[in-house]
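A.B. asks:
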Amino acid sequence: VKLDSGGSRCERLASIALFAETIWVVTDQFRIYPVLGASGKDDVFAGAWIAIFAGFAFFCLSVFGILAVLSESRTMVITYLVLMIIVYIFEAASCITAITHRDYLTSNPKFVKKQMLQFYGDTSTNSGRDLTVMWNRVMQQEQCCGSTGPMDWIKYTSFFRSQFNETTAPWPFQCCKRDMNSEIANQEGCVVGHRDFLYQKGCFDYFSTSINSYAWGVAWFGFAILMWTFVVLLMTMYYLTTL
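Our numbering applies: residue 453 is where the sequence shown begins, and numbers increase by one.
1. Take every Cβ of the region 548-563, pair it with every Cβ of the region 677-695, and state whether three or more of those distances are shorter than 8 Å.
2. By Cβ distance below 8 Å, which residues in the same chain neighbour Thr584 in space, the five residues on each side in sequence not counted?
3. Exposed or buried, what is Asp604 when buried is set at 16 or more other beta-carbons lying within 10 Å of its beta-carbon?
4. Return the bridge partner residues of Cys628 from the DSSP annotation.
5. According to the neighbour-count rule (16 or more other Cβ atoms, all chains shown, within 10 Å of its Cβ), is Val534 buried or exposed?
6. By how many angstroms is the C-alpha of Cys597 removed from the C-alpha of Trp623?
7. With 16 other CB atoms within 10 Å as the buried threshold, where does Leu455 fall?
8. In this structure, does DSSP put Ile518 in helix, strand or coil?
9. Between Val590 and Cys642, is the Cβ-Cβ spacing less than 8 Å?
10. Tell me whether Ile537 counts as near the ligand ATP, meaning its Cβ is closer than 7 Å to at least one heavy atom of that ligand.
11. Provide the residue(s) that pair with Ile636 in DSSP beta bridges, ordered along the chain.
12. Kindly indicate the opening and closing residues of the alpha helix (DSSP H) around Arg526.
13. Taking 7 Å as the limit between beta carbons, can you name the residues of its chain near Phe516, skipping five residues before and five after?
14. To the nearest angstrom, how far is it from the Cα of Ile663 to the Cα of Arg630?
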């Protein structure tokens, strides 16, 4: 009884940690959801929502497991095992969903570039407005331009290009370096692409790092919880044989 109660205690702590970790993911601290939501490739967030349910369910079941052990009820222990296995499967699905989509999103600059070219500057749709605000923030915050660099705006057809002439605005002015007052340091120098006045690096690393943080939080932390939960299930099965 002490062994299984100890396992349930650890399971409660682990479930609270999983719950907190995945809430951090779905609140989108890096604010990158628009680029994923615009294409429907938001499975990392879907995995996080599943993990929130799993974390809460694991916590409730750990309490139920203690009651089952203390009451020495075979029926309650069997019920606990069945429910735990169901939640275990859901959490495994959450981890697999997050990790499989992580590889695609973090190694594919073309994905981010496509959303940028298609939606940036389009204020007629919610996706366009949200993505434009996000890109404006990221380019200023990270001092970057485009997905792989400022030439993204020159080489490819985009909504932005359909609205602005290449000679007057070859790239968004958010790509221009700023002075201490957050004003464009030299607009003419920025327009002609002078290195001293135009951000040269792309923004893809920011998105890749952010998605990696979310996916690792959901997937690998979830896998660690599953490993411990598997031990708890084995302990419970052994306890069941003694009833």
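For every residue, glycine included, the Cβ atom is placed at its ideal position computed from N, Cα and C. Because the structure is a prediction, the values reported are computed rather than measured.
C.D. replies: Checking against the coordinates, here is how it stands:
1. no
2. Residue numbering aside, residue 584 sits at position 132 when the sequence shown is read from its first letter. Hits under 8 Å: Phe571, Tyr572, Gly573, Asp574 and Thr575.
3. The residue labelled residue 604 in the question sits at position 152 within the sequence shown. The residue is buried, with at least 16 neighbouring Cβ atoms inside 10 Å.
4. In the sequence shown, the residue the question calls residue 628 occupies position 176. Leu650, per the DSSP bridge assignment.
5. Residue mapping note: residue 534 aligns to position 82 of the sequence shown, counting from 1. Classification of Val534: exposed, given that the 10 Å Cβ count is below 16.
6. For this step, residue 623 is matched to residue 171 along the sequence shown. For this step, residue 597 is matched to residue 145 along the sequence shown. Rounded to whole angstroms, Trp623 to Cys597 spans 8 Å at the Cα level.
7. Position 3 of the sequence shown holds residue 455. With a pLDDT of 44 at Leu455, under the threshold of 50, the modelled position of this residue cannot be trusted, and the question is left open.
8. The sequence position of residue 518 within the sequence shown is 66, counting from 1. The three-state secondary structure of Ile518, taken from DSSP, is helix.
9. For the purposes of this step, residue 590 is taken as residue 138 along the sequence shown, with counting starting at 1. For the purposes of this step, residue 642 is taken as residue 190 along the sequence shown, with counting starting at 1. No; because the gap between Cβ atoms is not below 8 Å, this pair is not in contact.
10. As far as ligands go, the structure on display features none, and thus does not contain the ligand ATP.
11. Mapped onto the sequence shown, residue 636 falls at position 184. Ile636 is bridged to Arg630.
12. For the purposes of this step, residue 526 is taken as the residue at position 74 of the sequence shown. It spans Arg526 to Thr558 - the alpha helix (DSSP H) in which Arg526 sits, taken as one unbroken run.
13. Here the question's residue 516 lines up with position 64 in the sequence shown. Only Tyr532 meet the Cβ criterion.
14. Stepping through the sequence shown from its first residue, residue 663 is reached at position 211. Stepping through the sequence shown from its first residue, residue 630 is reached at position 178. Taking C-alpha positions only, Ile663 is separated from Arg630 by approximately 28 Å.
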